[in-house]
Amino acid sequence: MPRLPTVSRMEGEKVAHTAEHAFVGALQKILGQTLQVRKVEHKKDGSSNTAFIVIPQLDIDTVVRAEVMVNALIEEGRQVTTRTYPSLAEARNANPTLRANEERISGGEVRVVEIAGHDVTACVKEHAGNLQECGFFLVTRLSKSGGEYEVDFAVGRHAKEAAVSLSAKMIKVCSELGANLNTVENTARKVRLEGESAFKKLKALSREKLQSITPAEESGSVRVYSGVFSGLADEALQEFAGEKVAEPGVVVVIANAGAEGAYFILARHEAINLDCNKAFREAAGADGRGGGKPHFVTGVVKKERAGEIVAKIADAALRQLG
9 MPRLPTVSRM EGEKVAHTAE HAFVGALQKI LGQTLQVRKV EHKKDGSSNT
59 AFIVIPQLDI DTVVRAEVMV NALIEEGRQV TTRTYPSLAE ARNANPTLRA
109 NEERISGGEV RVVEIAGHDV TACVKEHAGN LQECGFFLVT RLSKSGGEYE
159 VDFAVGRHAK EAAVSLSAKM IKVCSELGAN LNTVENTARK VRLEGESAFK
209 KLKALSREKL QSITPAEESG SVRVYSGVFS GLADEALQEF AGEKVAEPGV
259 VVVIANAGAE GAYFILARHE AINLDCNKAF REAAGADGRG GGKPHFVTGV
309 VKKERAGEIV AKIADAALRQ LG
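Quick note: the sequence shown uses the numbering used here, first residue 9, plus one each step.
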């Protein structure tokens, strides 16, 4: 796709910051509450920006409504004006709906940026004089982190390029799922639910298989649960090992062969004198990679050697600890 005309980094940040004000102002109107933006980050190439918004809950439907509102304001060409006040108190007195991050205002003059009839914010950044300069606004990611939401967004040509890229990906997703734009959400939801159901069944079967392991014992002092399996749920192996090594005198050495390698676990009760990291490295050598705590190691080994490595460690544990 031909690239659209570029703008300087300063100009890019100016319009991105202005669009962010319009977006947060739109969210405030929809939610009926004043929001705090902790900070806004801009990528050096201008392709993406992130607003960190302090809010306990923000759903995608609300974000989409705000996007629509912002782009309507851009098309309308709302004016953006800047005024300076001697103090934050005077700025608030003149602008009762002022949005300000007081922690970032050290005192003295306060600069207020207003999008006509939409948003009034205290901000030291440079801004566009008219929302039309933003061109187009698009949210590309929404994620929660603690008590705030991270909202990635693009503006202008970057937003248009992102929209084309997202459209192409959506068409490909529809093709993979055998769906269309009208049915893709329900189809994806159905696939997810079916996958979760299948995994639960696999996990139950895996646990049943693992419970059939008969431990090898040496003089009753140590029990070693070992085995090599195929097609089990790795999560079930982790749970099985964790439960078993909670019992005194237990060592677990198991592997689960997959398409490319074998998932491997070596674990022991915390009171047993066995360095699992060292034992794994010595037995697997260049054919294994992994690590963990001295009492619990996970990794991947060549599936052709999985049986040999499991047997080697199990035998060594019985000899050393028996």
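All C-beta atoms in this analysis are idealised placements derived from N, C-alpha and C, irrespective of residue type, glycine included.
Indicate the three-state DSSP secondary structure (helix, strand or coil) for residue i in the structure shown.
i	result
S220	coil
R86	coil
V160	Here the sequence assigns Asp to residue 160, which means Val is not the residue at that position. Strand, per DSSP.
I321	helix
F272	strand
T370	Outside the displayed range of the chain (9 to 330) lies residue 370, so it cannot be described from this structure.
R11	For R11, the predicted model reports a pLDDT of 48, less than 50, meaning its position is unreliable and no value from the coordinates is stated.
T92	strand
A314	helix
D332	A question about residue 332 goes unanswered here, because the residues of the chain that appear run from 9 up to 330.
G143	coil
I38	helix
V253	coil
A136	coil
H50	strand
Have a look at the options and flag the residue whose alpha-carbon is nearest the alpha-carbon of residue i.
i	options	result
E251	R276, N264, V318, P104	R276
E49	A24, V121, P104, Q65	A24
L329	A124, I317, V230	V230
G154	R112, V62, V236	V62
V121	R112, S114, G115, A108	A108
V72	L210, R297, F145	F145
H29	I321, G298, H126, A279	H126
G269	V45, K311, N285	K311
Y157	A130, I82, T105, D67	D67
V128	S151, F207, T92, S114	T92
A279	V260, Q219, D295, H303	H303
V132	K152, E110, S151	E110
V260	S151, A324, L43, K211	A324
Which residues in the same chain have their Cβ closer than 7 Å to the Cβ of residue i, if we skip the five residues on either side of it in sequence?
i	result
Y271	D242, L245, A263, N264, V308
G85	N138, L139, Q140
S95	V118
F60	V45, R46, K47, E156, E158
C142	V23, T26, A27, I82, A136, V163, G164
K217	F237, L240
R327	none
Which value, in whole angstroms, describes the spacing of the CA atoms of residue i and residue j?
i	j	result
T70	V118	31 Å
L139	E75	13 Å
K51	N57	6 Å
N79	G40	20 Å
A167	G116	37 Å
A291	I317	6 Å
H135	E247	54 Å
G298	G54	39 Å
M9	E169	Low local confidence applies: a pLDDT of 44 at M9 is under 50, so the model's placement there is unreliable, and no value is given.
G20	V172	20 Å
R313	Q65	50 Å
T222	E204	30 Å
E225	A319	14 Å
With 16 as the cutoff for other CB atoms within 10 Å, does residue i come out buried or exposed?
i	result
M77	buried
L201	exposed
L174	exposed
I179	exposed
A34	buried
K177	exposed
L189	exposed
G239	exposed
A322	buried
S234	buried
V253	buried
T105	exposed
A130	buried
S220	exposed
T306	buried
A296	Reading off the sequence, residue 296 comes out as Gly, not Ala. That one is buried.
Near residue i, which residues of its chain fall below 8 Å by C-beta distance, leaving aside the five closest residues on each side in sequence?
i	result
V347	The shown model of the chain, from 9 to 330, leaves out residue 347, and the question about it has no answer.
I123	T26, H29, A30, G33, L81, R86, Q87, V88, L139
R100	L106, A108
Within its chain, find whatever has a CB closer than 6 Å to the CB of residue i; leave out the 5 residues flanking it on each side and keep chain order.
i	result
R11	Only weak support exists for where R11 lies, its pLDDT of 48 falling under 50; the coordinates are left without a value.
D160	S56, T58, T148, R149
Does residue i have its Cβ less than 8 Å from a Cβ in chain B?
i	result
L329	Within the model displayed, chain B is absent; a lone protein chain is all it includes.
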